[in-house]
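In our numbering, the protein residues as written are 465 to 700.
Note that beta-carbon positions come from the ideal geometry of N, C-alpha and C, so glycine has one too.
Note that the structure is a prediction, hence the values are computed from the model and not measured.
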Amino acid sequence: MAKYNRILLKLSGESLMGEKQYGIDEVRLNEYAEQIKEISAMGIQIGIVIGGGNIFRGLSGAAKGFDRVKGDQMGMLATVINSLALSSALTAIGQPARIFTATPMYPIGEHYSNLKAIEAMNHGEIAILSGGTGNPFFTTDTASALRGVEIGADVMLKGTRVDGIYTADPEKDPSATKFDFITYDEIYARGLKVMDLTATTLCKENKLPIIVFDMDTVGNLKKVMSGENIGTVVGF
Ligand code: UDP
């Protein structure tokens with residue numbers, strides 16, 4: 465039995481690289497598509513926001529001398545490329561999906577509106593919400609918090625390569641311990657880099673719970689949807 469009716473799933477662009485150094489790893493992409501199809505079959509409505517870090521990040525561009533706004537626009541276009549790849553992988557395994565874009569880009573996708581996305585989900589289609597927020601100086605974490613609130617998701621899932629939120633970065637500090645639950649305020653107080661503060665605040669102010677979990681282990685998405693506490697829950 466699914467614990468949620470409608471979710472917003474955030475996938476990081478970096479995870480899409482899989483074992484590669486750049487771009488999209490087809491094995492990882494197909495694993496994601498299978499996991500998404502599996503929970504769609506449980507009757508869960510799914511909106512997805514994908515990052516673009518496997519292709520381009522505005523901040524890294526700015527560090528190399530790119531104009532920040534143009535660099536961010538390149539990053540947002542990178543999320544559209546990833547969204548097209550995911551949509552293609554989902555369709556190939558018989559899972560209907562529809563791409564929406566934050567800025568008009570027809571026929572690559574339909575211009576996003578929350579009502580159209582909800583309509584797509586009501587028809588059993590996965591709504592892939594691409595192009596970030598459409599604005600520079602934001603991140604796809606903020607885009608997923610925003611879209612999650614807009615589509616009335618019960619929870620925002622942040623799929624990462626780490627299995628939850630730790631007291632410190634577990635990839636750097638072996639003594640770091642994992643939280644099963646943490647409040648939004650504790651994230652601020654401890655200065656934890658779970659998501660950027662804009663995204664965390666948007667979730668807090670709109671009472672959208674967050675679950676951070678390891679999306680790169682096949683089967684985990686279904687476990688989270690069945691109510692298994694394998695990641696970290698963020699709430700009040
Ligand atoms: N971006 C942006 N506005 C948004 C969302 C994303 O300008 O609303 C740009 C920004 O340059 C960012 C890039 O898109 O670096 C890719 O997104 P992000 O870094 O969040 O991807 P992830 O780290 O999840 O792969």
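Below 8 Å, too few C-beta pairs join the stretch 572 to 585 and the stretch 622 to 636 to call them touching: fewer than three. Where Ala561 is concerned, there is no enclosing alpha helix (DSSP H), although the beta strand (DSSP E) around it starts and stops at Ala561 to Thr565. Annotated as proximal: Arg625 and Ser479, with beta-carbon spacing under 8 Å. Per DSSP, Arg470 is not a residue of any alpha helix (DSSP H); the beta strand (DSSP E) it occupies stretches across Arg470 to Leu475. The three-state reading of DSSP puts Glu574 in strand, counting E and B together. Linking Met585 to Asp605 through their CA atoms gives a straight-line distance of about 21 Å.
A direct Cα-Cα distance of roughly 16 Å separates Ser504 from Ile563. Taking a contact to require three or more Cβ pairs closer than 8 Å, the stretch 489 to 497 and the stretch 526 to 537 do not qualify as touching. The criterion of a C-beta distance shorter than 8 Å is not satisfied by Ala556 and Ile508.
Residue ranges of uninterrupted beta strand (DSSP E) with 3 or more members, entirely inside the stretch 617 to 670 and ordered along the chain, are 619 to 624 and 645 to 647.
Relative to the Cα of Thr567, the nearest Cα in the group Ile592, Gly598 and Gly558 belongs to Gly598.
A distance below 8 Å separates the beta carbons of Ile675 and Val688. The C-beta separation of Met620 from Leu475 comes to about 12 Å, leaving the pair out of contact by the 8 Å criterion. Per DSSP, the beta bridge partners of Ala591 are Gly511 and Arg562.
Counting along the chain, the unbroken beta strand (DSSP E) around Ile674 starts and ends at Ile674 to Asp678. Not one heavy atom of ligand 1 lies closer than 7 Å to the C-beta of Ser547. The residues Phe645 and Ile675, in chain order, have a CB closer than 6 Å to that of Val697 in the same chain once the five nearest residues on each side in sequence are set aside. Judged by DSSP secondary structure, Val533 falls within the alpha helix (DSSP H) whose first and last residues are Arg532 to Ala556. When secondary structure is reduced to three states using DSSP, Gly699 falls in the strand class.
In the DSSP assignment, Gln499 falls within the unbroken alpha helix (DSSP H) covering Glu490 to Ser504.
A check of alpha carbon separations from Gly683 across Ile545, Asp627 and Phe643 identifies Asp627 as the nearest. Cβ neighbours of Ala617 within its own chain (closer than 6 Å, five residues either side excluded): Arg470, Ile471 and Leu472.
Ranked by Cα distance from Met540, the options Gly596, Lys622, Lys580 and Ala549 are led by Gly596.
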